[in-house]
Amino acid sequence: MKPLPFEIRYVTMTPLENCLSIWQRWHDREDENIGWNRRSPMLSSEGSLDPHQLYDNADMQVAEAVEAMVNSLTAQHEAAIRHRCGHSRVWRFQQLDFTLVLPEAEAELEKKLRANVFTSFLF
């Protein structure tokens with residue numbers, strides 16, 4: 188058996204990184220779904236969703252929960268999370284060190300996400 192020409196590496200994500208990844212994809216989405224499930228309006232019941240749409244709906248619920256939890260953080264913690272994820276380019280708090288505020292913000296957000304109904308199963 189020939190060795191592979193490249194090294195395989197497994198990158199594990201923490202539950203917080205997973206939640207933030209779903210949240211980032213939700214923010215970056217092109218919102219073309221206008222309420223009907225990409226089908227005829229006659230077929231738009233929850234029972235007719237295909238597996239991809241079910242997973243998309245679950246991800247959307249997680250992302251909305253993360254959005255609510257981020258919005259409930261203090262101003263500097265919210266700004267740190269948004270700056271970490273690329274949703275804001277400017278660090279507004281010049282008197283605070285971003286590298287010191289970010290771990291505090293992540294710890295607070297993780298505590299809130301562990302208690303949330305939609306995100307607790309990811310931890």
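For reference, each letter of the sequence shown is one residue, going 188 to 310 in my numbering.
Heads up, the beta-carbon is just placed ideally off N, CA and C, and yes, glycines get one too.
Spatial distance of residue i from residue j (CA atoms)
i: I268; j: Y242; result: 25 Å
i: N303; j: T261; result: 18 Å
i: S259; j: R196; result: 36 Å
i: L296; j: A255; result: 10 Å
i: L300; j: Q248; result: 13 Å
i: E251; j: Q282; result: 31 Å
DSSP state of residue i mapped onto helix, strand, coil
i: I268; result: helix
i: K189; result: coil
i: D243; result: helix
i: H274; result: coil
i: I195; result: coil
i: R279; result: coil
Minimum C-alpha distance to residue i - residue among the options
i: Q263; options: E254, A250, R279 and S208; result: R279
i: G273; options: M200, D215 and D237; result: D215
i: P290; options: F305, P238, L309 and H270; result: H270
N-terminal and C-terminal residue of the alpha helix (DSSP H) that residue i is part of
i: M200; result: Note, M200: premise wrong, no alpha helix (DSSP H); not H, not E.
Practice prompt. Assess, as a yes-or-no matter, whether the segment 189-200 is touched by the segment 290-309 under the definition of 3 or more beta carbon pairs within less than 8 Å.
Written response: Contact between the segment 290-309 and the segment 189-200 is absent, because fewer than three Cβ pairs lie under 8 Å.
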